[in-house]
Amino acid sequence: MANEPVNVAQITLAHGAKWPFDAPDTWWQDDGENPPPPTDWAHAAARGVLSDLNDRRGIKQGFLGLDEDIRAEIVSSLAAIIRVAAEQQGIASE
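Residue numbers for the sequence shown follow numbering that gives the first Met the number 0, beginning at 0 and rising by one.
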């Protein structure tokens, strides 16, 4: 049971990579293959966070129907917050 949060985190990171929240509408309307890669580790983390939120009742409905540019802005903002938090904790970002 102690590893459960880690396992959930790994699953949501993988889900965020497979179905990236900030992928363009053309990708979502296509076959869903070859998702756009994240720009870095924080971008991947932001996608994972959004994957987790999109799986929560009452929250996911707020994300439905958002324009492509708004989705990209949300992911970009989250990634920036994650990078700053890592820097403040002295975690090297690559």
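The C-beta atom is built at its ideal place from N, Cα and C for all residues, glycine as well.
For L12, the enclosing alpha helix (DSSP H) starts and ends at 3-17.
At a Cβ-Cβ threshold of 8 angstroms, P34 and A13 do not count as neighbours. The three-state secondary structure of T38, taken from DSSP, is coil. The C-alpha of V48 lies about 15 angstroms from the C-alpha of G61. With 16 or more other CB atoms across the displayed protein chains lying within 10 angstroms of its CB, P37 is buried. By the criterion of at least three beta-carbon pairs nearer than 8 angstroms, the region 40-54 is in contact with the region 72-82.
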